[in-house]
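Trainee: To start, I am sharing the structure in question, which I have written as structure tokens.
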Amino acid sequence: MTKTLGLIGAGRIGGALARLALAAGLDVVVSNSRGPETLTDTVARWGEGARAATVADTAREADIVVATVPLGAHRRLPADALAGKTVLDTMNYYPERDGTVPELDSRELTSSELVQRHLQGARVVKACNNIDFLRLEILARPTGAADRSALPIAGDSHAAKEEAIRLLDALGYDTVDLGPLSESWRSEPNTAAYVQPYLPPRPTGLTADEDVMRWFLDCPGAPLPADRLTVLLRDAVRQSPADARERLG
Ligand SMILES: NC(=O)c1ccc[n+]([C@@H]2O[C@H](COP(=O)([O-])OP(=O)(O)OC[C@H]3O[C@@H](n4cnc5c(N)ncnc54)[C@H](OP(=O)(O)O)[C@@H]3O)[C@@H](O)[C@H]2O)c1
């Protein structure tokens, strides 16, 4: 049973998960790259049950740890302190932010396999990577709610996935198991299950970047039930991040 959720990364996804976890009655221990003293205001805002720590102490003190930093920083995650832990990996590969990773561009590995390779003694579960930080918070619902959404998970450890399923249930989500980490590409950027299905249709005629951003910030969520997510994941088409870049550029 998870009592304390550890968050390495206190940004948009870290903040959303912290608020959901606190609302579910969990304690939260959180860290960033600059030290716990820079998180004093953040944990005060989050309220009772939240505390800041170093990255290593976050890893040690938490029952489950969420690694929610830019993928380019994954090698700075403390493999020793995380050994033996279940680590939820929310990270996505954006080469323009994270730098080019040949094994990802060639589709030899998924980004979570790369993370697992670094965190050798941990049990990595890909989770919460295919929904934007606003909808992650807005769409959370109690178990059994008719408009509950589902999130994909993937991992090589059955026991770790069971832990992740229980945690996500407490936070407000059903889950769809994609299988091993090698299948986690099905929920990554440039797939049909990524971000868009949790949003309502974008109003026609909205073209200016500024208007699209305002709509994105203000719009509600569109609940995505497990059966619809399952179809999107099953029918996913794998692209090389490099190909996707070319088409976008
Ligand atoms: N934003 C979304 O809607 C979204 C959705 C799904 C998945 N994701 C993925 O989830 C991850 C986090 O995204 P985000 O939007 O929450 O990022 P973000 O807002 O930029 O926050 C990143 C956090 O990571 C911390 N950090 C960076 N390097 C670190 C290190 N070496 N050790 C400890 N903490 C470190 C930062 O702390 P400092 O400020 O101290 O550096 C910051 O608190 C990314 O991989 C992203 O692709 C994001």
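For my numbering, add 12 to where a residue sits in the sequence shown, where the first one is 1. Glycine residues also receive a C-beta, built at the ideal position from the N, C-alpha and C atoms.
With distances taken Cα to Cα, identify the nearest neighbour of residue 145 among 90, 22, 106, 15.
Mentor: Measuring from the Cα of residue 145, the nearest candidate turns out to be 22.
Trainee: Could you tell me how far apart the beta carbons of residue 189 and residue 238 are, in whole angstroms, since I believe they sit closer than 8 Å?
Mentor: 10 Å between Cβ atoms; not a contact.
Trainee: Under 8 Å: do the region 162-174 and the region 190-199 share three or more Cβ pairs, one atom per stretch?
Mentor: Yes: the two stretches touch, three or more of their Cβ pairs being nearer than 8 Å.
Trainee: I need the boundaries of the alpha helix (DSSP H) containing residue 54, first residue and last residue.
Mentor: First-last of the alpha helix (DSSP H) with residue 54: 52-58.
Trainee: Sorted by chain position, which residues of the same chain lie with C-beta nearer than 7 Å to residue 236's C-beta, five sequence neighbours on each side aside?
Mentor: Cβ neighbours of residue 236 beyond the five flanking positions: 161, 162, 209, 210.
Trainee: Which residue comes first and which comes last in the beta strand (DSSP E) that contains residue 124?
Mentor: From DSSP, residue 124 is part of no beta strand (DSSP E) but of the alpha helix (DSSP H) over 123-130.
Trainee: Below 6 Å, is the gap between the Cβ of residue 144 and the nearest heavy atom of ligand 1?
Mentor: It does: the Cβ of residue 144 is within 6 Å (strictly closer) of some heavy atom of ligand 1.
Trainee: Out of curiosity, what's the CA-to-CA distance linking residue 147 and residue 41?
Mentor: C-alpha separation (whole angstroms): 23 Å.
Trainee: Is residue 24 close to ligand 1? I mean its beta-carbon at under 6 Å from any heavy atom of the ligand.
Mentor: Yes, the Cβ of residue 24 comes within 6 Å of a heavy atom of ligand 1.
Trainee: Roughly how many angstroms separate the alpha carbons of residue 43 and residue 33, rounded to a whole number?
Mentor: Residue 43 and residue 33: Cα-Cα distance of roughly 15 Å.
Trainee: If I follow the unbroken beta strand (DSSP E) through residue 162, where does it start and stop?
Mentor: Run containing residue 162: 162-167, per the beta strand (DSSP E) assignment.
Trainee: Among the residues of its own chain, which have a CB less than 7 Å from the CB of residue 159, if the five just before and after it don't count?
Mentor: Answer for residue 159: 153, 235, listed in chain order.
Trainee: Suppose you measure from the CA of residue 89 to the CA of residue 217; what does that come to, to the nearest Å?
Mentor: Roughly 43 Å between the two C-alpha positions.
Trainee: Taking only three categories from DSSP, how would you classify residue 155?
Mentor: If DSSP states are grouped into helix, strand and coil, residue 155 belongs with coil.
Trainee: Identify which residue in 151, 13, 39, 143 has its Cα closest to the Cα of residue 233.
Mentor: If we check each option's Cα against that of residue 233, 151 comes out closest.
Trainee: Could you tell me the alpha carbon to alpha carbon distance between residue 52 and residue 70, rounded to whole angstroms?
Mentor: About 15 Å.
Trainee: Might you give, ordered along the chain, the residues of its own chain that have their beta carbon closer than 6 Å to the beta carbon of residue 80, omitting 5 neighbours on each side?
Mentor: Around residue 80: 21, 25, 26, 102.
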